[in-house]
Structures are given as structure tokens and as C-alpha cells.
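Quick notes on the structure that follows.
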Amino acid sequence: MYRTLILAAALSLTLAFPAFAAESSKPAKGGADVHGEKGAKPGSHEDWCSEHGVAESQCTRCDKSLIPAFKATDDWCKQHGLPKSQCKKCDPKLKIVRPPKGSK
-11 MYRTLILAAA LSLTLAFPAF AAESSKPAKG GADVHGEKGA KPGSHEDWCS EHGVAESQCT
49 RCDKSLIPAF KATDDWCKQH GLPKSQCKKC DPKLKIVRPP KGSK
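Read in my numbering, the sequence shown has 51 at position 63, and its numbers run on one by one without any break.
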């Protein structure tokens, strides 16, 4: 009886392993497919951070080094830690639209 249980458990794990391995090979959220292309022209369709809904070249959540420039131009929301020009919590009517393909 004990031996049968061990064999059943081993068989179950053997059959289940490929399913777990396939699941882990999928790109994680926030992978390369959600970020702008390297070297994309700022303001172009390709310069887009799908994860945060702003231009990749202006995404302070992806590139913290951009924050001082926004603060220097008084475009910073201290409450939410975002540029005011991107803060939809302070301005719910704010619309940030991705440029169409072939732009700029």
C-alpha cells in the first residue's frame, strides 16, 4: 500500500512537471514587451511604457534618474510621487495618449 502511494505521487509529479516548467517560461509582467524599444525616438509610437501608460522616455517609475528634471520644472506631485503632468489621481480627466504608429 505504502509503495503504491509513493509510486502514485512520483508519477503525479512527473506528469505535472512539464506544465509547471512551461508556465515559468512565460515572460513576467513588466518584461521587455511592456517597455519602449531601446533607442526609440522620444515622442514616437515606439517610445511607450505600456506598464505605466506614458512615454518611456518620460517614465519616472521605470527610470528614477528622470525625477530631478520634473522637480526642477515644478512638475512634481509630492503626494503621489509622479510628475503632475502624469498624475491621474490629482487630475482624473487627464488623458495621456500613445502617439499613432509612424509618428515622428
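Note that the Cβ used here is the ideal one computed from N, Cα and C, for glycine as well.
Model, not experiment: these values are computed from the prediction.
- Taking C-beta atoms as the reference points, Asp62 and Ser73 fail to come closer than 8 Å.
- For Lys59, the uninterrupted alpha helix (DSSP H) segment begins and ends at 55 to 60.
- Measuring C-alpha to C-alpha distances from Cys78 to each of Gly90, Ser53, Ile84, His68 identifies His68 as the nearest.
- Here Ile84 is not near Gly31, since their CB atoms are 8 Å or more apart.
- Using a Cβ distance threshold of 8 Å, Pro88 and His23 do not count as a contacting pair.
- Taking every protein chain shown into account, the CB of Leu82 has fewer than 16 other CB atoms within 10 angstroms, so this residue is exposed.
- Around Gln46, the same chain offers Leu54 as residues with beta carbons nearer than 7 Å, after the five sequence neighbours per side are excluded.
- Around the beta-carbon of Pro56, fewer than 16 other beta-carbon atoms lie within 10 Å, marking it exposed.
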